[in-house]
Each structure stands twice: as C-alpha cells, then as structure tokens.
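Here the structure is laid out as structure tokens; the discussion comes afterwards.
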Amino acid sequence: MKIRGLFSQVNAFLHSVRFRLAVWFAFILAVVLVFFSIFVYYRTAQDVRDQTAARLVSRLREMNTAILHEYRDQGEGDFWNYPGFNGGSPFTLQDYEILVLSDVNGKVAGAWGSIETQQSQDVADQTNALASGKASSRFILMAVQAPNQKTGTKVDFLFNLTPILSENHILGWVILGQPLDPSGQLPRLFWTLLLAGILTLLVAIGGAYWLADRALWPVKAITQTAQDISETDLSRRLNIHSQDELGRLAGTFDRMLARLEAAFNRQRQFTADASHELRTPLTIIGLETGRALSSGRTVEEYRRSLQVIKSENEFMTRLVGELLTLARMDAGQVMLNREKLDLSDLALEVVERHAQLAKARDIQLQTGELPELPILGDRTYLAQMISNLVDNAIKYSPHGDGHWVRVETRASISGELPAAVLSVADNGSGIAAEHLPHLFERFYRVDSARSHNPTQESSNPEEIPGSGLGLAITQWIAQVHGGSITVQSQPGSGTVFEIRIPLARTTENSPEVFPEPG
Ligand code: ADP
C-alpha cells in the first residue's frame, strides 16, 4: 500500500508541469553549454597551437643562424660529417625541446632532447612521407612519450619540418619539436568547463524548478479549491488578483463560480417558489372539498365551492404551463418559428381579443397610432408577450372611473438598430418605485396577498389570480427577439410598458435582422 502510494507520488511528480519545465530548461541549457564549451575549448586549443607554432618558427630562425651558417662558414664540406653533430646537441635546446636531423632518405642523422631513438625514427619517417620530395616547411602534430613520465604516457608535440637546402637540392630535414601545450592549459580548461557546466546545470535546474513552482502556485490553488467545492457549496472563491495569465485564469474561474452560484441559487429559489405557488391552490382545494363534503350545504354553497375549485384548477393549469415555458426557456429548448410579420397587426389582434375583458371591467381599451412595423419573430410568442401586458394593464387597473388602457406602436430610428416600439399604457393605480427593479423577476408580485386570495371579498372567483411569472416570460420573449422591455410608473397615475424589437430590413435579399437569442 505504502509502496503504491509512493509510486503514485513519484509518478505525479514526474508528470508535473514543474518537473517537465525544469527538465526541458536543463536540457536546453545543457545543449547550449556543451556547444559553448566546445567552441571555447577549440578556440583555446587553436590559440595554444598557434603560439607553439610561432615559438617553433622563431627557434628555427635562431637555429638556422647557429648551425647552418656555421656549417657554411666552415667551407660546406660533407654536411652530415659536420663536427658539430657529433656528441652533444649542435644547438642549445630548451626544456622538453626535441631536435631531429634526418637525411633526404628519412634516415635519422642525429636526435637530441627527450626523445627515444625509435620515436625519433618515427618522426623522421613521417617527415619523409609528408615531404614527398617538396622543399617546403610544415608542421606535424605527434604524440610522443612524455619526458619524465612513466612509460605509456604520451604527450602531444608539435614538430616543425624545415628542409636543409644546398644549391636547391634537399640535403635533409631539421625537425624541431615542442610540447603542444607546455603549461597544461588545455586539460585545465577542460576540467574548468566541465565542472562549471555541471554546477551551472545543477543551479539552473534548482532555479527552474523553484521558478516553475512559484509561477504555478495559482494552479495548485485552483485545483485545491475545485476539489473542495461540493455541488452545494459554490461560495468559495480563489481571490488571486495577479495580472498574469494565471491570475486571469483564476479570475475567469471565480466569475464562472459566481455565475454557477447565482444559477444554482436561482434554481433553488425557483423550485421553492414553484412548490409554494402550487401548495396554496392545493390547500384551498382541500379546504373547499372538505367544506363541500360537510353535511348541510346548500346548492349555492356547493356551486360556490366548485367555482373556487375550478378557479384554483385554472390557476394551477396556467402556472404549470408557465413553469413549463420557463423550464424550456432555461434549457434553451424553445423553438421559434420566425416569420416576417407586422407588430401593429399583432397588437391589434391582441387588443380585439381583450375587448370583452376590458368591457367587463368597465375599462376603455384604446388603440393609438398603429403604423406598419415589419419585424421577424414568432407570432405565438409575440402575441403572448403583448397579451401579458394588456392583460396586466386591465387586471391591475381599478374598474370604471374613466380608466383606460392604450396600446400603440411607433418606429424608433434613434438607437443603433431601427426598432419597432410597442407601448401599453394605463392610468391605473401605478407601481411604487421600490418594486420597479424587481418587476421582471420570477414570482415577483407587487401585492402577493391581493394576487391570490380567492376568499377575499372583492375577488371574483371567475378570475384567475396572477402567479408573478407573466412579466418574466414577457421579458424573455422580448430578449429572445433581440429586443428589450422597460417600465415607467407613477403610483396613482398609471404605468407604461415599452417593448423594443429590431425592425426587419425591407430589402428582399436580407430579411433577417435580429440577432440569434443569446
Ligand atoms: P402576474 O402573473 O402576477 O400578473 P406579472 O409578472 O405579470 O405577474 O406581474 C408582476 C406584478 O407587477 C403584478 O403582481 C402586479 O402587481 C404588477 N403589475 C404588472 N403590470 C401592472 C400594471 N399595468 N399596473 C399595475 N401593476 C402591474
């Protein structure tokens, strides 16, 4: 169990962004360091070789003066029998310097300095092979047994080969050699580069891991918070306010949580309200049936009870219908049958349908200007939208006393999009200012007691009470058609609802004008 836990921890670590960032960083840095070190090493090696070569050339010049001139001064007899070659070196050699003289056939005539006989012959052979009869000087690099070192340790020597010429034919070769890197500069550089490279890599890996860890801590916080959030506790926030990408991600996450929380709360409120709304009529029906079933009831009392039950039933039917519409709205399942239609025509139809109701309430239902206003929309939903407003205006205005409800339309070209404006005005009791901001909320009623109380004196059992959903649905219909709804009201003097829907373009090619519902 323990081993499995450890294994999954190691696995998680190996797959973490921090680790991968650090590894990638280290890899790239290692490649850069290797190329840099190779470059530095070879540049230095070249410098060292150039310096040795320059030293050799100047030494040869000195030797030329010392040996050859002296030889010529002595009357140029047999070069190889020149007495200076017998015994010690003909020329004072420096530390670790090697001098080999070979004849034109590559035979060693004399070798001085820290070199064995066999090796001096090797040097002479190579020289002979390289020269191939041409009288030009050149350099060769050879590893020879290191002076003062145990056998087998070889050291790179740079040799300069210069032909010994006498009247344009080659007598032999002067081969002068020096250690390529006498001060051991190159091995030192190699170890310095290696150690510095490893150290830099280690520090860089640690630094990269620390930086990645620091940069990614908001991700840790997001993961932790997301794990802590249960379905019902959406109140947690990350509150990371940095300006970088992760700060923005955290901000987006917080805003998403806020939206989810609001939606969740709305849903909870909606369910609670809906249950509450349904419980009231069910209680009333229960009470009425209980009352009707009790003994000694008159026919009139039965009739009254049945009317109450019918009214509550109608209320519930309408409520359930509205709840269904809202549920479909929320789920985005409403299919709109968009067609080109005249908003004024539709308004007139709705007004005509409400004529009877208005008459029964002794309210004058009037129409104002109704110019032709082509819009694109769903006839049924738009009719329901207008109907809700007209119905409310009639329902919430006091009976008689010169009360009126006026429906009119006009075109508005002042805004960004030319719009058709429908207004439903009444001179009823109006709505107090504190209610206006909530009017379009679901289940919001200005006076809930009055809206649903069939036992109240003035209430008419034929009349279906309001559920507080009408204006929410009306607003949604306006919005889904790319429009908006506003309300103005003065308590005591009346209310005006105004709906704006974008006008359809009259050109035949582009009848679509309003945006898809958002
Ligand atoms: P309801 O189904 O209860 O009518 P609505 O959403 O249509 O629900 O209306 C919400 C509330 O707004 C109503 O309860 C009512 O008090 C108020 N209201 C709506 N229209 C008018 C109006 N024309 N005059 C006065 N009050 C209104």
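Just so you know, we're using this note's numbering here: the sequence shown kicks off at 1 and counts up by one.
Where is the CB? At the ideal position from N, CA and C, for every residue including glycine.
Between GLY172 and VAL104, how many whole angstroms is the CB-CB distance? I'm expecting something under 8 Å. 5 Å
Output the residue ranges of the alpha helix (DSSP H) runs that lie fully inside the segment 344 to 427 and measure 4 residues or longer, sorted by chain position. 355 to 360, 379 to 395
Environment of THR162 [buried if 16+ CB atoms lie within 10 Å]: buried
What residue ranges within the segment 140 to 224 form continuous beta strand (DSSP E) runs of no fewer than 3 residues, ordered along the chain? 154 to 166, 169 to 179
Cα separation between LEU389 and THR223? 49 Å
Going by the C-beta, is GLY309 closer than 6 Å to any heavy atom of the ligand ADP? Gly is not the amino acid found at residue 309; the sequence shown has Ile there. ILE309 Cβ: outside cutoff for every heavy atom of the ligand ADP.
Does at least one heavy atom of the ligand ADP sit under 6 Å from the Cβ of ARG266? no
Anyone know if the C-beta pair for LEU21 and ALA221 falls short of 7 Å? no
CA nearest to the CA of THR325, picked from LEU503, MET385, GLY296, HIS354: MET385
Cβ-heavy atom distance between ILE431 and the ligand ADP below 6 Å? yes
For GLY110, the residue or residues it bridges with in DSSP: LEU101
Once you ignore the five residues that flank GLY468 on each side, which residues in its own chain have a CB closer than 6 Å to its CB? PHE443, TYR444, ARG445
Given the structure, does ARG214 come close to the ligand ADP, in the sense that its CB is under 6 Å from one of the ligand's heavy atoms? no
Determine, using beta carbons only, whether ALA355 and LEU365 come nearer to each other than 7 Å. yes
Is it buried or exposed, ARG18, if we count other Cβ atoms within 10 angstroms and call 16 or more buried? buried
First and last residue of the uninterrupted beta strand (DSSP E) at VAL487: 484 to 490
Can you tell me whether LYS2 is helix, strand or coil according to DSSP? helix
So, helix, strand or coil for GLY115, using DSSP? The question names Gly, but residue 115 is Ile in the sequence shown. Three-state DSSP puts ILE115 in coil, outside helix and strand.
Tell me the DSSP secondary structure of ALA22 in three-state form. helix
Three-state class that DSSP yields for PHE497 in the structure shown: strand
Near PHE139, which residues of its chain fall below 7 Å by C-beta distance, leaving aside the five closest residues on each side in sequence? ALA53, LEU158, PHE159, ASN160
Round the Cβ separation of HIS399 and ILE431 to the nearest angstrom and send it over; I've been treating them as touching at under 8 Å. Wrong, their Cβ atoms sit about 18 Å apart, outside the cutoff.
Reducing DSSP to helix, strand and coil, say where ARG338 ends up. strand
Just checking VAL219 against the ligand ADP - is the residue's beta carbon closer than 6 Å to any of the ligand's heavy atoms? no
Would the beta-carbon of ASP525 fall within 7 Å of that of LEU238? A question about residue 525 goes unanswered here, because the residues of the chain that appear run from 1 up to 518.
From PRO515 to THR252, what does the alpha carbon distance come to, in whole angstroms? Confidence is the limiting factor: at PRO515 the pLDDT is only 39, short of 50, which leaves the residue's position unreliable and the question unanswerable from this model.
CB SER311 to CB ALA292, shorter than 7 Å? no
Cut-off 7 Å between Cβ atoms - residues of its own chain near LEU503, not counting five sequence neighbours on either side: LEU373, PRO374, ILE375, ALA411, PRO418, ALA419, ALA420, VAL513
With distances taken between CB atoms, is the gap from VAL351 to VAL424 smaller than 7 Å? no
For ILE175, which residues in the same chain have their Cβ closer than 6 Å to its Cβ, ignoring the five residues on either side in sequence? VAL100, VAL123, THR127, PHE159, LEU161
Check each candidate in ASN337, ARG338, SER397 and name the one with the smallest Cα separation from ALA358. SER397
Closest residue to LEU382 among LYS107, HIS403, LEU348 (Cα-Cα distance): LEU348
Cβ-based burial, VAL34 [other Cβ within 10 Å; buried from 16]: exposed
Under 6 Å: does the beta carbon of ARG445 sit that close to some heavy atom of the ligand ADP? yes
Should VAL10 go down as buried or exposed, given a rule of 16 or more other Cβ atoms within 10 Å for buried? exposed
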